[in-house]
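Chemist: Quick note: the sequence shown uses the numbering used here, first residue 6, plus one each step.
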Amino acid sequence: MYDVCQLATAILAIAFTALLLITGQQFIESRLQHGATPPIVAMATLPP
Numbered sequence: 006m007y008d009v010c011q012l013a014t015a016i017l018a019i020a021f022t023a024l025l026l027i028t029g030q031q032f033i034e035s036r037l038q039h040g041a042t043p044p045i046v047a048m049a050t051l052p053p
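Shown next, in the form of structure tokens:
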């Protein structure tokens, strides 16, 4: 019984990892297609 639980946990972990990789790839591709510009960061400086 323990082997079945361990196998189910391993399959669930593999499926979750595959899902994250696929959705991450699709997100990156969609961002590249829309021509996303890099964020502009303004640095705060103190007066001398």
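From the three backbone atoms N, C-alpha and C, an ideal C-beta is built for every residue, glycine too.
(1) I need the DSSP call for L37, collapsed to helix, strand or coil.
(2) In three-state DSSP terms, what is T50?
(3) To the nearest angstrom, how far is the alpha carbon of T14 from that of L37?
Modeler: Taking the coordinates as given:
(1) helix
(2) coil
(3) 35 Å
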